[in-house]
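In my numbering, the protein residues as written are 105 to 285.
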């Protein structure tokens, strides 16, 4: 039985595809990612098509999308003219690449728009105060989150792992913080 015929591998691939739809990723793209993640060797597009039962166009589109996130890369296999693909298997690296790309695609344009709106509203005497105040607050909030993300992203991986494992215990390091009852 091959790896991809194993029922647990199939379950993982199907679930990853389903979860992808909840994260705003096309099901086929997520399934291609799951297959490549599980694979111990580079796979060509035709093998992906046959294994997943997807249309060639879906696999091709999915591979391009995954490469744009830098979580899948094209490799060459000696003696084979076809392109083969491998997935990033370092989970931290995968998380960092996905979050960086999503920030670039989604958060950065939102911050730019909110900044533009906040500046315009600041100068608009006819703008309702509630509109001005809420757009400005949203801009400050999302900008603060983005700045925090940029700072955390620059930490070494072992520090990130430790920080994550600390969870809410990290609050003990902040002066004046108390545990809520």
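Even for Gly, the Cβ is constructed at its ideal location relative to N, Cα and C.
Original post:
For chain E, is any of its Cβ atoms less than 8 angstroms away from the one on residue 199?
Top reply: Considering every chain present, this structure includes no chain E. It has just one protein chain.
Original post:
Count the other CB atoms within 10 Å of the CB of residue 272; is the residue buried (16 or more) or exposed (fewer)?
Top reply: The residue in question, residue 272, is exposed, as its Cβ has fewer than 16 Cβ neighbours within 10 Å.
**OP:** Could you tell me the distance, in whole angstroms, from the CA atom of residue 141 to the CA atom of residue 246?
**Re:** The straight-line gap from Cα to Cα measures roughly 32 angstroms.
Subject >> Where the beta strand (DSSP E) containing residue 116 begins and where it ends >> reply: Looking at the DSSP string, residue 116 is not in any beta strand (DSSP E); the run it does join, the alpha helix (DSSP H), is 111–126.
**OP:** Give a single yes or no on whether residue 116 has its beta carbon closer than 7 angstroms to a heavy atom of the ligand GDP.
**Re:** For the ligand GDP, the structure offers nothing, since it holds no ligand at all.
Subject >> Own chain, CB closer than 6 angstroms to residue 108, minus 5 neighbours either side, in chain order >> reply: Closer than 6 angstroms at Cβ, skipping near neighbours: 155.
Subject >> Through-space distance from residue 128 to residue 217, alpha-carbon basis >> reply: If I take the Cα positions, the gap works out to 21 angstroms.
**OP:** Quick one: give me the first and last residue of the beta strand (DSSP E) that residue 176 is part of.
**Re:** Going by DSSP, residue 176 is part of the beta strand (DSSP E) stretching over 176–180.
Original post:
Who pairs with residue 147 in a beta bridge, going by DSSP?
Top reply: Among the bridge pairs identified by DSSP, residue 147 is matched with 189.
**OP:** Keeping to the same chain, check which residues put their C-beta closer than 6 angstroms to that of residue 166; ignore five residues upstream and five downstream.
**Re:** Correct list, in chain order: 132, 133 and 136.
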